[in-house]
Amino acid sequence: DKKQRLLAAAEAGGADAGKAPKVIKYGLNHITNLVMAKKVSLVVIAHDVQPLELVIWLPALCRKMDIPYCIVKGKARLGRLVHQRTCAALALTSVNQADAHNLKTLQENFRASYNDMTAKDRSR
């Protein structure tokens with residue numbers, strides 16, 4: 024029974040077998056490596072990370088690599104997304120095709136609010 028059920032599931036999901044799963048990536052070292060490889064669509068950073076030096080360099084790296092980022096309230100909120108107590112930062116690598124338009128909109132808004140705004144602030 025179990026063997027037949029697993030074979031049927033493998034045949035039904037054969038098209039997605041070679042693709043990477045669509046998951047949220049977290050962990051500063053992991054996110055750093057993904058940003059450096061430009062495999063990230065969006066980086067989300069918590070505002071209340073202690074010590075702040077853990078994430079203070081991440082916006083500069085995202086601006087340098089031209090990856091949109093945002094700063095949100097609460098590392099506990101980010102932790103809920105990845106099933107941990109807290110999370111300093113997380114990254115989205117890919118989303119479902121149905122959500123691609125929403126991600127594109129978020130990227131444009133965050134790029135205008137964070138990435139481009141800091142360049143204007145520095146020119147003052």
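Count the sequence shown with my numbering and you get residues 24 to 147, in order.
Glycine is no exception: its CB is placed at the ideal position from the N, C-alpha and C atoms.
Please look up how many angstroms separate the CB atoms of L113 and L104, rounded, as I've assumed it's under 8 Å.
Contact between L113 and L104 holds: their C-beta atoms lie close to 6 Å from each other, under 8 Å.
Span of the alpha helix (DSSP H) around K61:
No alpha helix (DSSP H) contains K61, which DSSP labels as neither H nor E.
Just to confirm the assignment, what range does the beta strand (DSSP E) spanning K48 have?
I47 to Y49 is the span of the beta strand (DSSP E), which, as asked, contains K48.
Assess, as a yes-or-no matter, whether the region 114 to 132 is touched by the region 70 to 78 under the definition of 3 or more beta carbon pairs within less than 8 Å.
The region 70 to 78 makes no contact with the region 114 to 132, as fewer than three CB pairs between them are under 8 Å.
Status (buried if at least 16 other CB within 10 Å, exposed otherwise) for K127:
K127 should be labelled exposed.
Mark I54 as exposed unless 16 or more other C-beta atoms lie within 10 angstroms of its C-beta, in which case mark it buried.
Per the 10 Å Cβ criterion, buried.
For S117, I'd like the list of residues in its chain whose CB is within less than 6 Å of its CB, leaving aside the five on either flank, ordered along the chain.
In chain order, K45 place their CB closer than 6 Å to the CB of S117, counting only its own chain and leaving out the 5 sequence neighbours on each side.
If we ignore side chains and look at the alpha-carbon of each, how far apart do V95 and H106 end up?
Their Cα atoms are separated by approximately 17 Å.
Which of the three DSSP states is assigned to C93 in this structure?
If DSSP states are grouped into helix, strand and coil, C93 belongs with the strands.
Selected residue, minimal CA-CA separation from I47, among A32, A99, S64 and A33
Nearest C-alpha to I47: S64.
Residues that I79 bridges to, as DSSP identifies them:
Answer by DSSP bridge pairing: none, since I79 is not bridged.
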